[in-house]
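Enquirer: Below is a structure I'd like to ask you about.
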Amino acid sequence: MEYKYTSKNEMDTIELAQNFESEKFPNMIICLDGELGSGKTVFTKGIANALGVKESITSPTFTIVKEYDGELPLYHMDVYRLDGSIDGTGIEEYFTKGGVVVIEWANTIKEYLPEERLDIKFKVIDEDKRVLILRPHGVKYEELCEAVL
Ligand SMILES: Nc1ncnc2c1ncn2[C@@H]1O[C@H](COP(=O)(O)OP(=O)(O)O)[C@@H](O)[C@H]1O
Ligand SMILES: [Mg+2]
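Residue numbers (our numbering): 2 to 150.
Laid out in structure tokens, this is it:
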């Protein structure tokens with residue numbers, strides 16, 4: 002099953018992310034892909050809002066994983082520079098730590114991702130418009146998409 006969502010502006014993308022209510026979903030794994038500037042970090046901001054994170058979200062450029070305190074911890078990753086291998090990074094440990102995991106450029110480490118997860122592909126249509134293709138893997142994520150979209 003695949004879901005398509007058209008976002009008309011930044012706020013739309015943030016609201017969609019908030020609607021996933023990740024605060025109720027420890028170990029949620031969300032995998033984001035799409036070109037630079039397509040909205041991956043904006044989407045992460047919506048997840049952070051739902052979790053009640055006070056700190057502002059920035060792209061984790063200098064670290065692979067950035068941790069934020071919230072109702073559940075948020076683990077925000079950018080795996081672009083890993084070049085396909087996660088050896089020695091300890092990334093797998095975050096998948097079962099009880100927090101919410103958001104991975105930008107997740108396709109880079111595709112073979113290491115948990116089977117149960119939500120994949121979202123961002124496509125730039127014009128300055129403000131984005132198309133999001135959401136692919137849930139596993140019953141939990143299918144139900145979640147069914148509820149939200
Ligand atoms: N519908 C939209 N959804 C998300 N971001 C949007 C949208 N329309 C315009 N934007 C802009 O696109 C940029 C997305 O940046 P960012 O989330 O950092 O991208 P990425 O993390 O994918 O590189 C922001 O400047 C944001 O304001
Ligand atoms: Mg980003």
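Note that beta-carbon positions come from the ideal geometry of N, C-alpha and C, so glycine has one too.
Quantities reported herein were computed from a predicted structural model and do not represent experimental measurements.
Between which residues of its own chain and M2 is the CB-CB distance below 8 Å, once the five residues before and five after are set aside?
Expert: Only R136, P137, E143 and C146 meet the Cβ criterion.
Enquirer: Taking the DSSP output, what are the residues bridged to D120?
Expert: Its beta-bridge partners are C32 and R136.
Enquirer: For the candidate residues R118, G100, V101 and G99, whose alpha-carbon lies nearest to that of N108?
Expert: Here the closest residue by C-alpha is R118.
Enquirer: Considering just the uninterrupted stretch of the beta strand (DSSP E) at K5, what are its terminal residues?
Expert: First-last of the beta strand (DSSP E) with K5: Y4 to S8.
Enquirer: Between G35 and the rest of its own chain, which residues show a CB-CB distance below 7 Å, the 5 nearest in sequence each way excluded?
Expert: These residues qualify, in order along the chain: K41, K122, F123 and K124.
Enquirer: To which residues of the same chain is D84 closer than 8 Å at the C-beta, ignoring the five residues directly before and after it?
Expert: Once the five neighbours on either side are set aside, the close Cβ partners of D84 are T109.
Enquirer: Inspect the CB distances between the stretch 16 to 29 and the stretch 49 to 58 and report whether three or more fall short of 8 Å.
Expert: Touching, yes.
Enquirer: Give the single residue among Y81, K130, V66 and P74 whose Cα lies nearest to the Cα of K55.
Expert: Closest option to K55, Cα to Cα, is P74.
Enquirer: Is DSSP giving D13 helix, strand or coil here?
Expert: In this structure, D13 counts as helix in the three-state DSSP scheme.
Enquirer: In the DSSP assignment, find the unbroken alpha helix (DSSP H) run with E93 in it and report its ends.
Expert: E93 -> alpha helix (DSSP H) spans I92 to Y95.
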